[in-house]
Amino acid sequence: MVCTTCRSKIKNDSCPFDRSPIAYTRNRVIEKLLESVKSVSCKNAEYGCNEMLGYLEKNDHEKACKHSPCSCPLSGCDFLGSSSQLYQHFRAQHQNSSVPFRYDQDFSIRLDAKNDKFLVLLEGRDDNILFVLHNARSNQQQNGLSISCISSSREARNEYKISVTFGSNNVSTLTFRSAISSSKKQLDNLPKLGFPLVPWLLDATDGRLNLKICIFKDRLPHWLR
Numbered sequence: 037m038v039c040t041t042c043r044s045k046i047k048n049d050s051c052p053f054d055r056s057p058i059a060y061t062r063n064r065v066i067e068k069l070l071e072s073v074k075s076v077s078c079k080n081a082e083y084g085c086n087e088m089l090g091y092l093e094k095n096d097h098e099k100a101c102k103h104s105p106c107s108c109p110l111s112g113c114d115f116l117g118s119s120s121q122l123y124q125h126f127r128a129q130h131q132n133s134s135v136p137f138r139y140d141q142d143f144s145i146r147l148d149a150k151n152d153k154f155l156v157l158l159e160g161r162d163d164n165i166l167f168v169l170h171n172a173r174s175n176q177q178q179n180g181l182s183i184s185c186i187s188s189s190r191e192a193r194n195e196y197k198i199s200v201t202f203g204s205n206n207v208s209t210l211t212f213r214s215a216i217s218s219s220k221k222q223l224d225n226l227p228k229l230g231f232p233l234v235p236w237l238l239d240a241t242d243g244r245l246n247l248k249i250c251i252f253k254d255r256l257p258h259w260l261r
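Just so we're aligned, residue 37 is where the sequence shown starts under this note's numbering, counting upward by one.
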């Protein structure tokens, strides 16, 4: 009897001891026994997961584990931890490199559209999730703004709204709204292009954008959008 992993390593489909042919027959009695034994720890134990698992459920659990490690978005920092640990790390070590905000409240940012590739947004009520405002320069003609969150396993439940004011007296406004995506790294799975911005929206003197952003704690019903 051999497990699936070891079975795949056996060459020529023959027993390594007596060279007899090996058939593939499931042993459901052993499978049930393994399912009942919770003796395997999650690979994310060092990041805070205390689950004891059966052999057959280990892979599925680890794919969705809320303690899967996330990396710090700042270059030069090699911190790795669960999304909750990352939030606490960033708040303690890099708070001056973030923009504070509150859910469901507008906040303002003046963004250098040419040089600010991203900004970290830090919610102030211990939700333990970092948000990142991405500024993707698609070509010489436009930038794309989007927001994502860095999370171990969380399905994004938030939406955001970005408004850009422009003109001589900042009296004109463009507004974009979308759902927030999530990833374990700041640079993983970025939206292709969030909010397209053409050059004439930039302040003529310093290439900066006046942004007003709101991140909603939960997705709104479609009839309230």
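Glycine residues also receive a C-beta, built at the ideal position from the N, C-alpha and C atoms.
Quick caveat, the model's predicted, so the values are computed rather than measured.
Around the C-beta of residue i, are 16 or more other C-beta atoms found within 10 angstroms, so that it is buried, or is it exposed?
i, result
"V168", "buried"
"N179", "buried"
"N48", "exposed"
"N132", "exposed"
"A215", "exposed"
"C108", "buried"
"S187", "buried"
"I46", "exposed"
Report the residue from the options whose alpha carbon sits nearest the alpha carbon of residue i.
i, options, result
"R64", "L92, H97 and K99", "L92"
"I249", "D142, I46 and K220", "D142"
"F212", "T201, K94, A149 and I46", "T201"
"A149", "L181, V135, K220 and L157", "L181"
Measuring straight from C-alpha to C-alpha, what distance separates residue i and residue j?
i, j, result
"Y139", "K253", "5 angstroms"
"L247", "I145", "5 angstroms"
"F154", "R62", "51 angstroms"
"Y196", "S77", "37 angstroms"
"D96", "L89", "10 angstroms"
"S50", "S75", "31 angstroms"
"D224", "R161", "Confidence at D224 is low in this model, with a pLDDT of 46, below 50, so the placement of that residue should be treated as unreliable; the coordinate-derived value is given next. So the alpha carbons of these two residues sit roughly 26 angstroms apart."
"P57", "I66", "21 angstroms"
"C113", "P52", "48 angstroms"
"N151", "S111", "15 angstroms"
"A172", "Q124", "27 angstroms"
"E87", "E98", "10 angstroms"
"S199", "L166", "21 angstroms"
"R244", "C185", "24 angstroms"
"F137", "K68", "50 angstroms"
"D242", "E159", "28 angstroms"
"L122", "N164", "8 angstroms"
"L260", "I251", "Confidence is the limiting factor: at L260 the pLDDT is only 46, short of 50, which leaves the residue's position unreliable, though a coordinate-based value still follows. Going by the C-alpha atoms only, they are around 15 angstroms apart."
"C42", "R55", "16 angstroms"
Mapping DSSP to helix, strand and coil, what is residue i?
i, result
"D114", "coil"
"N225", "With a pLDDT of 46 at N225, under the threshold of 50, the modelled position of that residue is not reliable, and the figure given next carries that caveat. Coil at N225, not helix or strand."
"K248", "strand"
"I186", "strand"
"R127", "helix"
"R213", "strand"
"C51", "coil"
"S107", "strand"
"E93", "helix"
"R64", "helix"
"K197", "strand"
"S134", "strand"
"E82", "helix"
"D242", "coil"
"E159", "strand"
"A4", "The structure shown has nothing for residue 4, since the chain only spans 37 to 261."
"S56", "coil"
"S119", "helix"
How about the region 116-134 and the region 91-106: do they share at least three Cβ pairs that are nearer than 8 angstroms? For the pair of segments examined, the region 116-134 was found to touch the region 91-106: the number of CB pairs separated by less than 8 angstroms reaches three.
Tell me whether the region 76-96 and the region 123-142 touch, counting them as touching only if at least three CB pairs, one residue from each stretch, are closer than 8 angstroms. At 8 angstroms Cβ cutoff, the stretches do not touch.
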